[in-house]
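In what follows, a single structure is set out as structure tokens and then discussed.
There are 2 protein chains.
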Amino acid sequence: MKEGPDIALLGSLIGDPARANMLTALMSGKALTASELAAEAGVTLQTASSHLKKLETSELLRQRKQGRHRYFSLADDDVGAVLEALMGLAAKRGLVRTRTGPKDPALRKARVCYNHLAGELGVQMFDSLQARNLVSGDADHVALTRAGENFAVEFGIELENLKKSRRPVCKPCLDWSARRNHLAGSLGTAMLSRIHDLGWAKRLDDSRIVAFSQAGEAAFLKAFPI
Amino acid sequence: MKEGPDIALLGSLIGDPARANMLTALMSGKALTASELAAEAGVTLQTASSHLKKLETSELLRQRKQGRHRYFSLADDDVGAVLEALMGLAAKRGLVRTRTGPKDPALRKARVCYNHLAGELGVQMFDSLQARNLVSGDADHVALTRAGENFAVEFGIELENLKKSRRPVCKPCLDWSARRNHLAGSLGTAMLSRIHDLGWAKRLDDSRIVAFSQAGEAAFLKAFPI
DNA sequence: TTCATAGTTCGACGTTAACCGAACTATTCT
DNA sequence: AGAATAGTTCGGTTAACGTCGAACTATGAA
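Set out below in structure tokens:
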């Protein structure tokens with residue numbers, strides 16, 4: 002990463018294999034943690050941290066803290082466009098690489114994110130709530146609407162109790178497999194708990210997988226339609 | 002220039018300051034000799050030779066021998082497009098050389114992008130063609146409509162000749178200053194050439210600036226209205 | 001032929017930056 | 001509170017690559 006004019010700096014940033022691997026991984030659109038990116042690049046966490054710092058200070062990446070995780074994603078569409086162009090040129094030159102395979106499909110579908118539901122079903126729940134105007138707000142700040150409060154109570158959530166706590170009721174949480182948001186906060190926890198109580202799903206030991214039964218998934222999809 | 006997958010190799014090639022300077026110089030569209038490129042990069046001839054070899058074997062540059070001179074130029078339009086995109090990103094990140102002279106606004110307005118017109122006027126030309134349904138297609142794939150073909154011929158383009166070549170007639174190219182597209186491909190080259198022939202603009206030496214005369218700009222704006 | 005210009009190849013040097021171990025902070029789980 | 005997980009910072013080592021001097025090839029001019 003030498004000193005240099007204009008495009009040289011960008012080129013050297015992209016030119017390091019470890020950083021190139023990270024950027025390529027982030028081209029999926031997902032936000033990834035430092036550890037995941039380290040694994041993706043095949044370097045230790047310390048080395049990855051150093052790379053990520055450089056990529057962030059040069060505004061190729063942006064970071065969002067979430068608990069003890071740091072989620073990295075491409076800074077904006079322009080970065081993606083440039084990488085896409087580079088990959089296209091590389092492909093034409095016959096320099097393509099075979100990318101690594103997908104991860105555990107069950108984890109992808111539904112899993113616990115600390116204390117709330119994540120994965121495809123978690124994202125779908127959040128999308129459904131938003132589409133029906135049961136929650137409102139932008140990507141960083143979410144709240145239940147009046148209709149949403151009624152819905153929650155009908156679903157079996159003791160909403161008044163949640164409100165008493167200092168912990169935020171609604172919070173968006175960036176998803177691990179999809180890059181979309183899902184529902185965190187005390188409501189997120191309560192929803193997952195209620196899903197267990199209803200017998201829709203069970204937690205598997207030694208895993209973050211949330212295993213829905215057939216009937217449970219059907220009921221879930223009916224309760225949270227797209 | 003480390004070993005590495007896909008984009009890392011390209012990145013490291015562009016990432017060296019000397020090579021970046023060479024590539025930038027070649028973005029003017031002119032073919033330059035090894036000595037000229039060495040001077041441009043601020044290195045000795047031996048060093049330049051080494052760089053040029055790398056750029057050539059990775060097919061970013063091509064070489065034509067002419068007597069005891071070797072003329073280098075960008076390998077194809079794709080290389081130019083990638084460099085243009087990188088320059089745009091660098092500009093947005095404020096990583097551009099601080100040497101912003103009086104040239105800067107002129108460059109923004111109209112410049113050569115390898116072999117076709119870029120800058121505000123380049124974007125306007127493309128927008129105008131699109132708005133009047135003379136070209137059609139999405140961001141990645143563009144083509145002349147029937148009306149567009151007539152327009153091109155009337156403008157003085159020998160369209161039949163262009164069609165014979167394997168090179169694409171119409172291609173979009175992402176702009177450096179605006180983030181919009183402008184027209185590349187053999188038609189883009191021909192249009193710029195025609196603009197010169199009409200006397201609307203002249204190329205300045207040692208620069209990518211396309212200098213329109215007052216009358217030339219007026220005629221251009223009339224030919225490509227928004 | 002002889003000289004000059006254009007460019008390549010080789011070898012050695014020096015700078016740079018990626019890398020990891022170890023120690024440190026921060027957040028969460030029990 | 002204590003253990004565990006996630007990530008950062010620091011320092012020293014190592015390997016890579018750009019750089020140039022010198023010697024070499026090739027084309028053109030006198």
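So the protein lines, in turn, are chains A and B. Okay, so the first sequence: first residue is 2 according to this note's numbering, each after it adds one. Okay, so the second sequence: first residue is 2 according to this note's numbering, each after it adds one. Every residue gets a Cβ at the ideal spot worked out from N, C-alpha and C, and that includes glycine. Just so you know, these numbers come straight off a predicted model, no measurement behind them.
Chain-ordered chain B contacts of residue i [CB-CB under 8 Å]
i         : result
Arg283(A) : With chain A running from 2 to 227 in the structure shown, residue 283(A) is simply not present.
Ile8(A)   : Ile15, Ala21, Leu24, Thr25, Leu84, Leu87, Met88 and Ala91
Supposed close pair residue i, residue j - CB separation, criterion 8 Å
i         : j         : result
Leu184(B) : Phe127(B) : 5 Å
Met28(B)  : Gly81(B)  : 6 Å
Phe73(B)  : Leu33(B)  : 6 Å
Pro173(A) : Val124(A) : Their Cβ separation, rounded to whole angstroms, is 11 Å, which puts Pro173(A) and Val124(A) out of contact at 8 Å.
Leu87(A)  : Val83(B)  : 6 Å
Asp1(A)   : Ala49(B)  : One cannot answer for residue 1(A) here, as it falls past the ends of chain A, which runs 2 to 227.
Leu1(B)   : Gly120(B) : With chain B running from 2 to 227 in the structure shown, residue 1(B) is simply not present.
Arg94(B)  : Ser59(A)  : 7 Å
Glu57(B)  : Arg63(B)  : 7 Å
Asn134(B) : Thr190(B) : Actually they are not in contact, since the Cβ atoms of Asn134(B) and Thr190(B) sit about 23 Å apart, beyond 8 Å.
Where residue i meets chain A, residues with beta-carbon distance less than 7 Å
i        : result
Lys93(B) : Asp79
Leu11(B) : Leu87, Leu90 and Ala91
Residues near residue i in its chain [Cβ-Cβ closer than 6 Å; skip 5 each side]
i         : result
Val170(B) : Leu163, Gly186, Ser187 and Leu188
Ala19(B)  : Ala42, Val44 and His52
Asp17(A)  : none
Glu161(A) : none
Leu61(B)  : Ala76 and Val80
Ala153(A) : Leu160
Interface residues of chain B facing residue i [CB-CB closer than 9 Å]
i         : result
Thr146(A) : The contacting residues do not exist; Thr146(A) stays about 36 Å from chain B at best.
Leu56(A)  : Ordered by position in chain B, no residue passes the 9 Å Cβ test against Leu56(A), which lies about 12 Å from the chain.
Residues that residue i contacts on chain B, provided the C-beta gap is smaller than 7 Å
i         : result
Val44(A)  : In chain order: nothing, as chain B lies at least about 12 Å away.
Val124(A) : Near Val124(A) there are no residues of chain B at all, since even the closest Cβ is about 28 Å away, more than 7 Å.
Residues near residue i in its chain [Cβ-Cβ closer than 7 Å; skip 5 each side]
i         : result
Ala21(A)  : Ile15
Val211(B) : Ala111, Arg112, Val113, Leu118, Ala202 and Arg204
Ala26(A)  : Leu33, Leu38 and Glu41
Val136(A) : Leu130, Val143, Ala144, Leu145, Thr146, Gly149 and Cys171
Ser36(A)  : Leu46
Ser166(A) : Ser187
Arg71(A)  : Thr34, Ala35 and Gln64
Gly138(B) : Ala144
Arg100(B) : Model confidence at Arg100(B) stands at a pLDDT of 32, short of 50, so the residue's coordinates are unreliable and nothing is read from them.
Same chain only: Cβ atoms within 8 Å of residue i, ignoring 5 sequence neighbours per side
i         : result
Gly157(B) : Arg195, Asp198 and Leu199
Arg69(B)  : none
Ile227(B) : Gln125, Asp128, Ser129 and Ala132
Lys31(B)  : Ser74
Residue i beta carbon near the ligand GTP (any heavy atom closer than 8 Å)
i        : result
Gln47(B) : Among the components of this structure there are no ligands whatsoever, and the ligand GTP is therefore not found.
Taking beta-carbon pairs under 9 Å, can you tell me which members of the stretch 14-33 of chain B lie near chain A? Leu14, Ile15, Gly16, Asp17, Pro18, Ala19, Arg20, Ala21, Asn22, Leu24 and Thr25
Enumerated in chain order, which unbroken segments of the alpha helix (DSSP H) with a length of 4 residues or greater are wholly contained in the stretch 122-184 of chain B? 147-156 and 160-165
Taking only runs of the beta strand (DSSP E) that begin and end inside the stretch 5-79 of chain A, which ones reach a length of at least 3 residues, in chain order? 62-67 and 70-75
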